[in-house]
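Only one structure is covered here, and it is reproduced in the block below.
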Amino acid sequence: MQINCERLKANLLELSRIGYNEDDRGVYRPGFSDADMQARSWLQDKAKAAGYETYMDGAGNVFFGRGDRNKPTVLMGSHIDSVPAGGIFDGTLGVIAALEVMQTLDENDVQSETPIWAVATAEEEGRFGGMFGAQAIAGKLNPDWVLSAHDADEVYLKDAMSAQGLDAMAALDAAWRPEQLKAFLELHIEQGPVLFQDNLQIGVVDGISGVFKWIVHLKGKADHAGTAPMDKRSDAFMGLADFAHEIDRIIAENGTDKTRITVGKVELKPGNPHTVPGEAVFTIVGRDMDEEVMKELANACNKTLSAIARRHHLRFEYEQSSWLGPKPCSKPISDLIEKQVKKRGYSFTRMPSGAGHDTQFLSEITEAGLIFIPSVNGVSHAPDEWSHWHDVEAGTNVLLDTVQELLDD
């Protein structure tokens, strides 16, 4: 069997227009924004038009498929929310590919008593910390976190959901029981350069990096930029700048070749060109494949920021908005994926994932596997994110073959 790449392409490009920004050519569908909810409605309409049952759970996850979900189900999917100024493939490929796999199976009259469903998870990109939709499915949420979670702009998850007519506490009822699932499969772009640079078509993922996210406050004293002497300032920005220069040292002393530390969002207050910044609010995201290394990195960041704060007469505070440990993928599922890749004659490698994915939470309740296709020049989370259509087709065919094996098993 072969998937219909033209249909997949048309669906993916149609979805990319929701939240598209003409100025920077990026996609803006942050979790529980108007554009995100519009995309979820669009997906449900597509699924209904293709003849599938569909529903949205209390966490905002959109499901579509066929069969009794109380029986062990083969579940596919990914997410359709995006980072600001994101690309068109991140997450959405896995969802649209899942729809294409279902349609291809139906068109080839593939019959099975095993239920087959797909999911577009909610808020995977971590606007509020964590991977909300996948955590809900895996039963990894609690009331305290749901009610206290907020983004870097102090918008609370419960308020963002309420604005869309959703009750955040209903997410606690969205968990699937392990016996409801036979396996979970996710197709995703690599979001890194390995496959593209090595001219490989498929990555079979063995494990997924852990990630922690902090929201940091360095608090000093706002002052006049012209009259405050340089040696008598409590300049919050200088503290941030010093920390940025320490990142390479922290990784060299406490990390590995898989370590990543990123300061991705910064706000200076009061934000006046003629005022010494009295506060710097910024995010730190740390990643590694080893949870003990992650703990060492977090401790090193804490010590470094404390020392910098003392040096610049600042107050240092931070909130850990998420901590997601590294997760292995299911070896039997990864081996099954590799088997399908070899049957197709595609070039491939076994590899880790440096980015977090829904698979890492689904792996806690079922056998879960992750398939990568190349990202051109390794670019993702940016408007110039791109994957070639022939690689999209190859990855979706591997997904198709793996699903069929699971249905026949």
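Those letters in the sequence shown? Residues 6 to 414, per our numbering, in order. Ideal placement from N, C-alpha and C gives every residue a C-beta, glycine not left out.
Taking C-beta separations shorter than 6 Å and ignoring five residues to either side along the sequence, the partners of HIS317 in its chain run MET243 and GLY244, following chain order. Going by C-alpha positions, LYS53 is about 19 Å away from SER21.
Residue state for PHE366 is assigned as helix, using DSSP reduced to three classes.
In the structure shown, THR78 adopts extended strand secondary structure according to DSSP, grouped into three states. A residue is called buried when at least 16 other Cβ atoms come within 10 angstroms of its Cβ; TYR57 meets this threshold and is buried. CA-to-CA, the gap between GLY374 and MET136 works out to about 17 Å. Contact between GLU128 and GLY36 holds: CB atoms are separated by about 3 Å, below the 8 Å threshold. Per the C-alpha coordinates, the member of ILE370, HIS395 and ASN382 positioned closest to GLN185 is ILE370. DSSP links VAL67 through a beta bridge to MET61 and ALA125. Within a 10 Å sphere around the beta-carbon of THR232 sit fewer than 16 other beta-carbons, which makes this residue exposed. Straight across, the Cα-Cα distance linking ASP164 with MET61 is about 18 Å. Close CB contacts of ALA314 within its chain, under the 7 Å cut and outside five residues either way in sequence, are with LEU223, GLY244, ARG320 and PHE321 (chain order).
Contact between LEU205 and PHE94 is ruled out by a C-beta separation of about 17 Å, above the 8 Å threshold. Only buried fits TRP219, as 16 or more other CB atoms lie within 10 angstroms of its CB. Counting along the chain, HIS393 sits inside no beta strand (DSSP E), nor does DSSP assign it H or E at all. Under the three-state reduction of DSSP output, ARG265 falls in the strand class.
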